[in-house]
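As structure tokens, the structure follows; a few thoughts come after it.
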Amino acid sequence: MNHSDLISKISEKAGLTAAEIENLLVATSQVFTEQLLDDKIIGIQNFGNFELRLKEERLSVHPTTKVRTLVPPKRVVNFKQSNNLKDKLKGVLQ
Amino acid sequence: MNKIKISLQELVELISVKANVSKRIAEEFAKALFAVIEDGLLANDTVKISGLGSFKLSWNEPRRSVNINTGEEITIDGYYKANFTPDNALKEAVNEPFAHLEAVVLDSKNEKADNERLSNDPIKNLGSQAEEISDILAELTQMNKTEIETVPEVDTVPEVVEIEVLAEDNSKPEEQNIEDKAETQSIIEDETKLEDKSETDENFVEVKKRKKTWWLTILIIFVVILGLKITYFSSSCIQCWLKYDFLDEPARSKVIAVENFVNNKIDNVKGWFVSENVAPDLQIESNIEVEQNIEPAETISDSLVNEVTPQFAPVDSLDILLNTPLRYTKFIATETFRNGTRLTVLAKKYYGHKDFWVYIYEANRDMYPNPDVIPIGATIKIPVIDKRIIDANNQKCLLRAKYLHDLYVKKP
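Going line by line, the protein sequences match chains G and V. The first sequence maps to residues 644 to 737 in my numbering. The second sequence maps to residues 14 to 425 in my numbering.
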């Protein structure tokens, strides 16, 4: 499902125009980024949680060349599906 | 560490502010958005939202587990899981504080050195190999030199012969005719020496001729001579065995035969000396002339003893015992080869040490030539073996067994 598909589907569901949805999508992504950077968990009921997590620095060794590399710490966005969604997915897709 | 969790309501508010739309529209939009994503996921479709990321399903394989309480094995069914992969923009934005950090290759100098070593390894190997080869060549040439040097010393064997001849001629006539002794001895000595010299000369010439033609055969002969020399002069038997390892089997058997022969001769000579020393005592009273004649004889015999003793001192009776091929006529018991039976186990049971399995094998060699392949149900005869040979505390016995083991196991 690409961007235009998404917009058309949302417009069907919410009864909004494509331009409005476009605008709202951009706003949503901005809000997400802001809130995550603010170290907040975005919890959406029956869907899942978005969270910012810190990955500690680690030492990686190349299996063949044996070159040891220090991988720096980084922050990543983590999504954890809710149990509700999980059950739904279990029930529908087998 | 508790993070503040914002719900959909708060999110909607923020979106409405951001997009500058009413709360109601934003709420409808948000609900629709997540519903659509859910639908897409339920249809096993990838939902991509530009600027945010993509939602995707991933299949988790069914796996086996154990019920902790009951210990029962249970299978956890495979299931789909919703995954979220953030968009590059979001990823970068989120990781901004750490963006300047880059992966650091640790101990780069060492790594480089390692790499260099790795790249140089084949060359170094070649170098070391070349060194090894040159060493071996040097050794070989040295060996050849020593062998050539030993050629004039070939009279070691004649020496023994000389000793034997002398001993025979010294001891035997002494009992019968002592007066003639001094004369005959000197004559015989001269004769034998002359003979020996001529013999050695002939040998030398012959050997030289052969050297030009059959280098290999000469090498083998030299090794045999060296082996003989070492059996005379070496103090430890290990060296003998080491020497034998260079030889092929026929040569080895020859050497062993010659060695046994020589050992017997030496023993004989020793015996003669003993008898000779006893004999004069008996005869001193009867003949005065004897004393005069015996004195030089004794000195000669002393000198001979001095010559001989260092030669046979290290070779004791055990070595002869060990080196003579055993004949198996008496047997303690017979064992039936079952699944799991091992010759070594049998050896441990009957002889007290597993290394002596070679003797069991030797006794049964006619029936089962391959020690590794002995059929189940085979009857294995356990021979009676001299206790001295199977002395587990004696290093020589173990070494001999080890040597035989190598001999039999390496056989194709």
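Yeah, the Cβ is synthetic: ideal placement off N, Cα and C, and Gly gets one too.
Indicate the three-state DSSP secondary structure (helix, strand or coil) for isoleucine 19 of chain V in the structure shown. Assignment of isoleucine 19 of chain V by DSSP, reduced to helix, strand and coil, places it in the strand class.
Here's the rule I'm using: 16 or more other beta-carbon atoms within 10 Å means buried, otherwise exposed. How should arginine 718 of chain G be labelled? Within 10 angstroms of the beta-carbon of arginine 718 of chain G lie 16 or more other beta-carbons, which makes it buried.
Looking only at its own chain, which residues have a Cβ that is under 6 Å from the Cβ of tryptophan 370 of chain V, when we skip the five neighbours before and after it? The residues are Leu356, Thr357, Ala360.
Pairwise C-alpha distance: alanine 116 of chain V and leucine 732 of chain G: Annotation: leucine 732 of chain G to alanine 116 of chain V spans about 38 Å, alpha carbon to alpha carbon.
Candidates V/Val397, V/Lys394, V/Ala270, V/Asp90: which alpha carbon is nearest glutamate 74 of chain V's? Selection V/Val397, V/Lys394, V/Ala270, V/Asp90 evaluated against glutamate 74 of chain V yields V/Asp90 as nearest (Cα-Cα).
For the region 700-721 of chain G, list every residue whose C-beta sits within 9 Å of some C-beta in chain V, in sequence order. Going along the region 700-721 of chain G in chain order, one finds Glu700, Leu702, Ser703, Thr708, Lys709, Val710, Arg711, Thr712, Leu713, Val714, Pro715, Pro716, Lys717, Arg718, Val719, Val720, Asn721 with a Cβ nearer than 9 Å to chain V.
Suppose you measure from the CA of glutamate 152 of chain V to the CA of aspartate 404 of chain V; what does that come to, to the nearest Å? Each residue's Cα considered, the two are about 37 Å apart.
Which residues bound the alpha helix (DSSP H) around asparagine 727 of chain G? Judged by DSSP secondary structure, asparagine 727 of chain G falls within the alpha helix (DSSP H) whose first and last residues are 726-735.
So for glutamate 311 of chain V, helix, strand or coil by DSSP? Its pLDDT being 45, under 50, glutamate 311 of chain V is placed unreliably by the model, and the measurement read from it follows with that caveat. Three-state result, glutamate 311 of chain V: helix.
List, in order along the chain, the chain G residues whose C-beta lies closer than 9 Å to that of lysine 362 of chain V? Going along chain G, no residue has its Cβ under 9 Å from lysine 362 of chain V, so there is no contact; the nearest lies around 50 Å.
If I follow the unbroken alpha helix (DSSP H) through arginine 94 of chain V, where does it start and stop? Per the sequence shown, the amino acid found at residue 94 of chain V is lysine instead of arginine. Premise fails: lysine 94 of chain V lies in the beta strand (DSSP E), 92-99, not in any alpha helix (DSSP H).
Beta-carbon proximity check, lysine 94 of chain V vs serine 71 of chain V, cutoff 8 Å: It is a contact, given that the beta carbons lie within the stated cut-off.
Members of the region 50-64 of chain V near chain G, C-beta cut-off 8 Å: Near chain G, meaning a CB-to-CB distance below 8 Å, the residues of the region 50-64 of chain V are Ile50, Glu51, Asp52, Gly53, Leu54, Leu55, Asn57, Asp58, Thr59, Val60, Lys61, Ile62, Ser63, Gly64.
Report yes if the CB atom of valine 710 of chain G is closer than 8 Å to the CB atom of valine 118 of chain V, and no otherwise. Yes, these two residues count as a Cβ contact at 8 Å.
Which chain G residues sit within Cβ distance under 7 Å of glutamate 74 of chain V? Chain order gives no chain G residues near glutamate 74 of chain V, where near means a beta carbon separation below 7 Å; the closest approach is about 14 Å.
To the nearest angstrom, how far is the alpha carbon of tryptophan 228 of chain V from that of tyrosine 416 of chain V? Near 29 Å, if we compare the C-alpha coordinates of tyrosine 416 of chain V and tryptophan 228 of chain V.
Can you grab the Cα-Cα spacing for the pair aspartate 682 of chain G / leucine 668 of chain G, in whole Å? Taking the straight line joining both Cα atoms gives about 21 Å.
If I measure Cβ to Cβ from glutamate 700 of chain G and keep anything under 8 Å in the same chain, skipping five residues before and after, which residues do I get? Correct list, in chain order: Leu713, Val714, Pro715, Pro716.
C-alpha gap between serine 650 of chain G and alanine 662 of chain G, whole angstroms: According to the sequence shown, residue 650 of chain G is isoleucine rather than serine. One C-alpha to the other measures close to 9 Å.
Which residues does DSSP pair with phenylalanine 344 of chain V in a beta bridge? Looking at the DSSP output, phenylalanine 344 of chain V bridges to V/Pro396.
One question on the structure: do tyrosine 363 of chain V and isoleucine 387 of chain V come within less than 8 Å of each other, judged by their Cβ atoms? No, they are not a contact pair.
Residue-chain proximity (serine 20 of chain V, chain G), Cβ-Cβ < 8 Å: Output row for serine 20 of chain V: interface = yes.
Are any of the Cβ atoms in chain V nearer than 8 Å to that of asparagine 726 of chain G? No, no contact with chain V.
Check whether chain V comes within 8 Å of serine 647 of chain G, counting only Cβ atoms and requiring the distance to be less than that. So no, serine 647 of chain G is outside the interface.
Burial state of threonine 88 of chain V, where buried means 16 or more other Cβ atoms lie within 10 Å: Threonine 88 of chain V should be labelled exposed.
Can you give me the C-alpha to C-alpha distance between asparagine 721 of chain G and isoleucine 17 of chain V, rounded to a whole angstrom? Between the C-alpha atoms of asparagine 721 of chain G and isoleucine 17 of chain V there is a straight-line separation of about 15 Å.
My understanding is that glycine 273 of chain V touches threonine 337 of chain V, with C-beta atoms under 8 Å, so please give their C-beta distance in whole angstroms. As written in the sequence, residue 273 of chain V is asparagine, which differs from the glycine given in the question. In this structure asparagine 273 of chain V is in contact with threonine 337 of chain V, their Cβ atoms being roughly 6 Å apart against a cut-off of 8 Å.
Cα-Cα separation between alanine 376 of chain V and threonine 226 of chain V, rounded to whole angstroms: Straight-line Cα distance between these residues: approximately 42 Å.
Can you list, in chain order, the residues of its chain whose CB lies under 8 Å from that of glutamate 105 of chain V, leaving out five sequence neighbours each side? If we look at glutamate 105 of chain V and ignore the five residues flanking it on each side, its Cβ neighbours are Ala112.
Looking at the unbroken beta strand (DSSP E) that takes in threonine 357 of chain V, where does it start and where does it end? No beta strand (DSSP E) contains threonine 357 of chain V, which is instead part of the alpha helix (DSSP H) from 356-364.
For leucine 702 of chain G and glutamate 41 of chain V, the rounded distance between their alpha carbons: Cα to Cα, the separation comes out at about 47 Å.
Beta-carbon proximity of alanine 39 of chain V to isoleucine 28 of chain V, cut-off 8 Å: Cβ distance < 8 Å, so alanine 39 of chain V and isoleucine 28 of chain V count as in contact.
If the criterion is Cβ atoms closer than 8 Å, does the pair tyrosine 372 of chain V and leucine 412 of chain V meet it? Taking 8 Å as the Cβ cut-off, tyrosine 372 of chain V and leucine 412 of chain V do not qualify as a contacting pair.
Quick check on the burial criterion: 16 or more other C-beta atoms within 10 angstroms. Buried or exposed for leucine 150 of chain V? Exposed, because fewer than 16 other Cβ atoms sit within 10 Å of the Cβ of leucine 150 of chain V.
So, is the C-beta of isoleucine 89 of chain V closer than 8 Å to a C-beta in chain G? By this cut-off, isoleucine 89 of chain V is not an interface position.
Once you ignore the five residues that flank asparagine 80 of chain V on each side, which residues in its own chain have a CB closer than 6 Å to its CB? Closer than 6 Å at the Cβ level, and outside the excluded window around asparagine 80 of chain V, lie Ile87.
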